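In the UniProt record's numbering, the protein residues as written are 1 to 177.
Dropping the structure here:
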């Protein structure tokens, strides 16, 4: 036997309806509702596979069992009922009750954290931009030997071209010691 229970949840003061749908081969001949370790409430209405209880209260808490039987045997499934307190009817608050003394402090921390994050992000962007700028525009200085080599594309080419072209031996040379 396979038993299916469809449940409609309710709060205290509301109604509860449970339907037990049982299938099997052969089909179940009898379906009953019982309350485990207690009697079903006196004003509960059982009609076939349905259990209906009006005006729930906490005294109805417990395990309700659907028992189905056929010529082969019987099977059951349990439903544990816990009745919650009825929701109190209160008017909506005019202000947010969570906004106490700690709420302003939490907002201040959030603002400070956001500002610090933005400053760190701006500094990282600035470092990246400056790094790329200086990498592209590295200073080109010409050595004393390469002065006048204006046709060179960069400093390295000017030095290479200038090394072998000194026919004037009267020129002063600098030596670093």
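Cβ atoms here follow ideal geometry from the backbone N, Cα and C, with glycine treated the same way.
Quantities reported herein were computed from a predicted structural model and do not represent experimental measurements.
Nearest candidate by alpha-carbon position, reference residue i, set the options
i	options	result
residue 69	21, 17, 36, 138	21
residue 47	17, 62, 114	17
residue 53	110, 60, 44	44
residue 28	127, 114, 67	67
residue 26	57, 56, 61, 74	74
Neighbour flag for residue i against chain B, beta carbons, 8 Å
i	result
residue 27	Of the chains in the structure shown, none is chain B; there is only one protein chain.
Pairwise C-alpha distance: residue j and residue i
i	j	result
residue 65	residue 19	11 Å
residue 76	residue 34	10 Å
residue 36	residue 81	11 Å
residue 131	residue 121	15 Å
residue 51	residue 41	11 Å
residue 135	residue 116	29 Å
residue 127	residue 111	24 Å
residue 109	residue 129	30 Å
residue 133	residue 113	30 Å
residue 119	residue 125	10 Å
residue 61	residue 55	13 Å
residue 145	residue 138	Residue confidence is low: residue 145 scores 49 on pLDDT, short of 50, so the model does not pin down where it sits. Its coordinate-derived value is still stated next. Each residue's Cα considered, the two are about 20 Å apart.
8 Å Cβ cutoff met for residue i and residue j
i	j	result
residue 49	residue 72	no
residue 63	residue 39	no
- Query: For the 8 Å Cβ check, are there 3 or more pairs between the stretch 72-89 and the stretch 11-18?
  - Reply: Result yes; three or more Cβ-Cβ pairs closer than 8 Å.
Which ranges would you report for the beta strand (DSSP E) in the stretch 45-78 if only whole runs of at least 3 residues count?
Within the stretch 45-78, the runs of beta strand (DSSP E) that reach at least 3 residues and sit entirely inside it are, in chain order, 45-47, 50-53, 62-69.
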